[in-house]
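Take the sequence shown: its letters are residues 21 to 309, numbered as in the working numbering.
Backbone N, C-alpha and C define an ideal beta-carbon position, used for all residues, glycine too.
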Amino acid sequence: MLEVGELTEAEAYQLAEALKLQLADHLRPNSDDDSLRRMVAGLGDQRGSLRLTFAQSLGSVGEAAVPILCHALKNNPNVVIRRASAKTLNIIGSELALPNLIEAFETDDDPVVQGSSAGAMATIGIPAIESIFKILSDKKCTAFQVGLINLALSFIGAKAPDAFNTAAKSGNPEIRIAALTALSEQVQSGSSRSARNLLLEALEDEEEEVRAEAATITGKTLDPEDAEDQLIILLQDTAPQVRKNTALALMKMEACHSIEPLMTAIKSEPDNQVKAVMEVAHNQLKRIS
C-alpha cells in the first residue's frame, strides 16, 4: 500500500481548487495511486472546507479509493486523517470496508473515529448487521459504543425493518434489546406490523431487561388501545425496573384507563422508588382525564 505523505498548505489549496472544478463539471477525479495518495493526504488539512473537497472527491472515485482509505483509517498516526477517512468511507458505503471499520470501531481510542466508523457501517446496511451484533455481544463493548451501535441499527432499521426479525428473537438479551430499539421508529410510524408484534411479544420476554426496555419503547411508540392492557399486567411484574418503566410508559401514552390499576399497584408496591414513580404517573393521568 502506497504510504500517505503530507501536503504543504499551498499544495493542498491548489489540489483542492482543481478538484472543485472537476466536481463542478461532474468529472470523476483521477484514481491512480499518486492521485489517491494526495487526496488522502489532503484529509489531514486543518481547513475544514478543503477536507470536505478531498472527501467528496474520494467519494466520487468510489470503491477504487476504499483500500487506501482503509489503510489510512487503520494505520495513519494523524487522528484528523483517520476521522476523515472513516467519514469518507461513509460517503462511499462499500461493504469492502467493513472489516476495517469494525477494527477501527473496536480499537481506535478516538470517539470521533468510532462514531464515524459506526456511521459508515450503518450506511453499508444489511450486510453489516451480523458484524454489528457480534460487537454488541462482546463484553468489552463500552456504554458509548453501545449507544453508537443502537444509532447505527436504527438507521438500518429505517430502511430494512424485516432484517431485525431474527435478531429480535436472539438468544442474547442485549441483541434483542438492540433490535427493539432499531425497530422503534417503524413501530411509531405504523409502517411495519411485524415490528409492532415483536415489541408486544417482548413485553412478555423472560429477561427483565428486555421487558423493561420494551415497556419504555411501548410508551413512546404505541397508543393506549394498542398496549394498555398488557402494560397494566406489568405493573405487577417481579422486577422493580419493569414496574417503574411500565408506570412511566402508561403516563407517556396517556393511558387514562390505567388510573385505577395504578392506584392498586401503589397500595401493594414494596419499593419506595417505584412507588414514587407510580404516584407521579397516577397523578399526571388524573389531571388529564
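Presumed contact (8 Å Cβ cut-off) between residue i and residue j, rounded CB distance
i: A117; j: F125; result: Their Cβ separation, rounded to whole angstroms, is 12 Å, which puts A117 and F125 out of contact at 8 Å.
i: I308; j: P281; result: No, I308 and P281 are not in contact; Cβ-Cβ is about 16 Å, not under 8 Å.
i: E221; j: P193; result: Going by Cβ atoms, the distance from E221 to P193 rounds to 14 Å, so no, they are not a contact pair.
i: K145; j: K107; result: Looking at the sequence shown, residue 145 is not Lys but Gly. Rounded, the Cβ-Cβ distance is 17 Å, inconsistent with contact.
i: L173; j: A198; result: 6 Å
i: Q233; j: L254; result: As written in the sequence, residue 233 is Glu, which differs from the Gln given in the question. E233 to L254, Cβ: 12 Å. No contact.
i: A235; j: A269; result: 5 Å
i: R196; j: V230; result: 5 Å
i: L41; j: P49; result: No, L41 and P49 are not in contact; Cβ-Cβ is about 10 Å, not under 8 Å.
i: A61; j: E26; result: 6 Å
i: A36; j: L70; result: 5 Å
i: R103; j: D129; result: Wrong, their Cβ atoms sit about 12 Å apart, outside the cutoff.
i: A275; j: E248; result: 4 Å
Nearest residue (CA-CA) to residue i, options the options
i: D291; options: Q256, I308, E274 and L43; result: Q256
i: L63; options: D52, I144, M141 and G79; result: G79
i: A285; options: P260, A198, E274 and K272; result: P260
i: D246; options: A163, A202, F153 and L223; result: L223
i: L203; options: L254, T241 and Q293; result: T241
i: D158; options: I122, D130, V133 and I237; result: I122
i: E115; options: N217, I279, K295 and C90; result: C90
i: V315; options: L109, L156, L35 and G113; result: Absent from the structure is residue 315, since the part of the chain shown begins at 21 and ends at 309.
i: P147; options: G210, I176 and N185; result: I176
i: I88; options: P97, S105, S77 and F74; result: S105
i: A92; options: N120, T266 and G68; result: N120
i: I111; options: M273, D128, S77 and N95; result: S77
i: M273; options: T73, L156, Q208 and R213; result: Q208
i: T186; options: L218, S69 and A267; result: L218
i: G210; options: A32, D243, A267 and L27; result: D243
i: S51; options: F74, A267 and Q165; result: F74
i: Q4; options: M271, V294 and S288; result: What the structure shows of the chain is the stretch from 21 to 309, and residue 4 is not part of that stretch, so it cannot be assessed.
i: Q66; options: E248, L43, H46 and A32; result: A32
i: R213; options: D182, G191 and S151; result: D182
i: Q293; options: H277, K306, C276 and K264; result: K264
i: T162; options: T127, K94 and V100; result: T127
i: E135; options: L171, L156 and G113; result: With the sequence shown as reference, residue 135 is identified as Gly, and Glu is not the correct amino acid for it. Selected option, being the one with the closest Cα: L171.
i: V262; options: M298, V100, R103 and C276; result: M298
i: I279; options: E289, K306 and K287; result: K306
i: S190; options: F164, D225, E205 and R216; result: D225
i: S288; options: C276, A275, H277 and T258; result: T258
i: G113; options: T143, V100, N98 and I101; result: T143
i: F184; options: H302, I149, E248 and M283; result: I149
i: L72; options: I101, H46 and N95; result: I101
i: S151; options: P97, N98 and I169; result: I169
For the region 56-121, which segments carrying the alpha helix (DSSP H) assignment without a break, of at least 4 residues, lie completely within its bounds, in sequence order? 68-81, 86-95 and 99-112
Does the structure place the region 83-99 close enough to the region 48-61 that three or more beta carbon pairs sit under 8 Å? yes
Where are the alpha helix (DSSP H) runs, 4 residues long or more, that stay fully inside the region 150-213, in chain order? 163-179 and 193-209
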